[in-house]
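Using the numbering used here, read the sequence shown as starting at 36 and increasing by one per residue. Worksheet: one structure, shown below.
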Amino acid sequence: MLKILVVNDSFPNMNNRTTILFKNIIPKLSEKFKIKVYWIITDEHDRKYNEENPNYEILFLSDYNNALEVLEKIKPDISYHVIGFNIMEYAFNLTEKFLKIPNFGYGDSDASDYFLMETSKSKIFLEYVKQFFDKKGIDGKNEKIRGINFLKKYLFLIKTFYAIGYSYKKIILEFLKLEIGVRRSVKFNEKFNCDLMFVENSRSLEFHVKSGLKRENLRVCGNASFYNAFKKREKSPKLISDKLNVLFLTANFSNQGKSDWSRSRRDEMLKELEKEFDGKNEKISLSIKIHPVSENIIQYKKLLKPNSNIQVIQKDDVFELISKSDIIITSCTSTAAIICLIMKKPIIIWNYFNIKNDLLLSEKMVLECKKSSELVNNLERAKIFRIKNEEKIEEKIKNEFVYGDPIQKYVNELEEWIQKIKVQKK
Numbered sequence: 036m037l038k039i040l041v042v043n044d045s046f047p048n049m050n051n052r053t054t055i056l057f058k059n060i061i062p063k064l065s066e067k068f069k070i071k072v073y074w075i076i077t078d079e080h081d082r083k084y085n086e087e088n089p090n091y092e093i094l095f096l097s098d099y100n101n102a103l104e105v106l107e108k109i110k111p112d113i114s115y116h117v118i119g120f121n122i123m124e125y126a127f128n129l130t131e132k133f134l135k136i137p138n139f140g141y142g143d144s145d146a147s148d149y150f151l152m153e154t155s156k157s158k159i160f161l162e163y164v165k166q167f168f169d170k171k172g173i174d175g176k177n178e179k180i181r182g183i184n185f186l187k188k189y190l191f192l193i194k195t196f197y198a199i200g201y202s203y204k205k206i207i208l209e210f211l212k213l214e215i216g217v218r219r220s221v222k223f224n225e226k227f228n229c230d231l232m233f234v235e236n237s238r239s240l241e242f243h244v245k246s247g248l249k250r251e252n253l254r255v256c257g258n259a260s261f262y263n264a265f266k267k268r269e270k271s272p273k274l275i276s277d278k279l280n281v282l283f284l285t286a287n288f289s290n291q292g293k294s295d296w297s298r299s300r301r302d303e304m305l306k307e308l309e310k311e312f313d314g315k316n317e318k319i320s321l322s323i324k325i326h327p328v329s330e331n332i333i334q335y336k337k338l339l340k341p342n343s344n345i346q347v348i349q350k351d352d353v354f355e356l357i358s359k360s361d362i363i364i365t366s367c368t369s370t371a372a373i374i375c376l377i378m379k380k381p382i383i384i385w386n387y388f389n390i391k392n393d394l395l396l397s398e399k400m401v402l403e404c405k406k407s408s409e410l411v412n413n414l415e416r417a418k419i420f421r422i423k424n425e426e427k428i429e430e431k432i433k434n435e436f437v438y439g440d441p442i443q444k445y446v447n448e449l450e451e452w453i454q455k456i457k458v459q460k461k
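Pasting the structure below:
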């Protein structure tokens, strides 16, 4: 049996890059290998969740003291990581190197590819401080204070350092390297190398090489989320409704320096959004889709009027929601926005936070709106904009987001890599 360990902040049934990738590759890999995937859930969630996939087993990080304890219990053949500065991913990646467990990962490239802006370190710090006492949970259940969860993860990392033999002096030096070296160095990803790493395209590959990843371990395979979007758009239903279905997709870019984002500004935006759509529910249906893990649905609902007709959604499948919507409104380019573009949806970027060099705006792929008073009037204009610019938009999609069958590329690379590992173990 091939045992795979996956570190993730939410359950496999919730869509993010990791879960979407595994939903696509496991059925194909299972044709050649008998597989068991162990999901280490890093955030506190309701433990009543029942996993229906017989190939999956759920474990909770809070049941363990350090990464060494987890790995020695599971004894995985390979492990998976999202590349980048993440306390839990680093704890496991480091321990896997200590135990000589092969690992593979995906190099996320949103920050470089979609925002192209500098990061204000002081702004990040201030936002983290402000959000320390925020509560985090799914659909308002089993909420935990964000800052406490953050401190627990750092404690887990410290215990992991100690478990693999680091002295107190080495632990302190490692933290200094992480906080100063990783956050400020040009090669900020150097510590997060895996034995095999996937990236979306050649631009992402060059970015990650500059960030410290080993070129020889990188493979260009495309984006599993975009692949799902292409499949979905071919089956998109014809919408028949007396109402215009509008979907607002939230985005949290507190780590983007060249913007006016802040928690208070986000709250003001939501109130303005409600004000503009208030009383128009006979003609327009508005839903707000928030992040499945990092945002708090109770906070959003408290900001709306008690009798508001706006629906706030957290857990629902974002592909289904986009498919059933007529118009998309969001505040910046994101993976979700690219998915909407691929799925042929008219998009309005409400540039409330004055994002500079936004990808879709700078290339005139979407309609820009700067004032909340323009939103409702721009709904029909967004449809016309999409139709008029269809050829240009489809050309961009074809050139930048079409990779053939990325899932098969992932599977081919993994099968070859796994076979090499099996040979080396003999």
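Virtual Cβ for every residue (Gly too), placed ideally from N, Cα, C. Computed from a prediction, not measured in an experiment: that's the story for all the values here.
Annotation for Lys324: the continuous beta strand (DSSP E) segment containing it runs Ile319 to Lys324. The residue among Cys229, Gly119 and Pro89 with its C-alpha nearest the C-alpha of Phe133 is Cys229. Under DSSP, Val117 takes part in a beta bridge, and its partners are Tyr141. DSSP, read as helix, strand or coil, puts Met400 in coil. Straight-line measurement puts the Cα of Lys310 at about 11 Å from the Cα of Glu303. Where Tyr335 is concerned, the enclosing alpha helix (DSSP H) starts and stops at Ile332 to Leu338. With a threshold of 16 other beta carbon atoms within 10 Å, Glu425 falls short and is exposed. Restricting attention to Asn331, Ser276, Tyr387 and Asn224, the CA atom closest to the CA of Phe120 is found in Asn224. Put simply, of Gln459, Ile363 and Lys58 the residue whose alpha carbon is nearest the alpha carbon of Val72 is Lys58. Residue environment analysis places Pro89 among the exposed positions, since fewer than 16 neighbouring C-beta atoms fall within 10 angstroms of its C-beta. Distance from Ser322 to Gln346 at the Cβ level is roughly 5 Å; contact confirmed, criterion being Cβ atoms closer than 8 Å. In the DSSP assignment, Glu92 falls within the beta strand (DSSP E) that extends over Tyr91 to Phe95.
Remark: fewer than three beta-carbon pairs, one from each stretch, lie closer than 8 Å, so the segment 326-335 and the segment 242-252 are not flagged as touching. For the pair Leu211 and Asn138, the CB atoms are not nearer than the 9 Å cut-off.
Within a 10 Å sphere around the beta-carbon of Gly140 sit 16 or more other beta-carbons, which makes this residue buried. For Gln349, no alpha helix (DSSP H) encloses it, and the DSSP letter there is neither H nor E. Under the Cβ criterion (8 Å, minimum of three pairs), the segment 274-285 does not count as touching the segment 447-460. Bounds of the beta strand (DSSP E) holding Leu282 are Leu279 to Leu284. Per the coordinates, the alpha-carbon of Lys423 lies some 37 Å from the alpha-carbon of Lys340.
Between Ile93 and Glu86, the gap from beta carbon to beta carbon is short of 9 Å. Following the DSSP letters along the chain, one finds Arg421 in no beta strand (DSSP E) but inside the alpha helix (DSSP H) bounded by residues Asn413 to Lys423. Excluding residues up to 5 positions away in sequence, Ile374, Ile377 and Met378 lie with their Cβ nearer than 6 Å to the Cβ of Ala264 in the same chain. The beta carbons of Lys194 and Asn101 sit about 4 Å from each other, so the pair counts as a contact at 8 Å. Phe436 and Phe354 have their C-alpha atoms some 17 Å from each other. Under DSSP, Met232 forms a beta bridge with Gly140 and Leu253.
Assigned with DSSP and collapsed to three states, Asn224 falls in coil, not helix or strand. Looking at Thr77, Ser260, Lys110 and Met36, the one whose alpha-carbon comes closest to that of Val234 is Ser260.
Counting every other CB atom within 10 Å of its CB across the protein chains shown gives Tyr125 a total of 16 or more, marking it as buried.
DSSP places Val41 within a strand segment (E or B) once states are collapsed to three. The beta carbon of Glu131 is closer than 6 Å to those of Ser114 and Asn138 in its chain, skipping five residues each way along the sequence.
The alpha-carbon separation between Met123 and Glu317 amounts to approximately 47 Å. Looking at the backbone, the Cα of Ile183 and that of Phe95 are separated by about 16 Å. In its chain, beyond the 5 residues on either side, Ile122 and Ala126 have a beta carbon closer than 6 Å to the beta carbon of Leu192. The Cβ atoms of Thr77 and Lys188 lie closer than 9 Å to each other.
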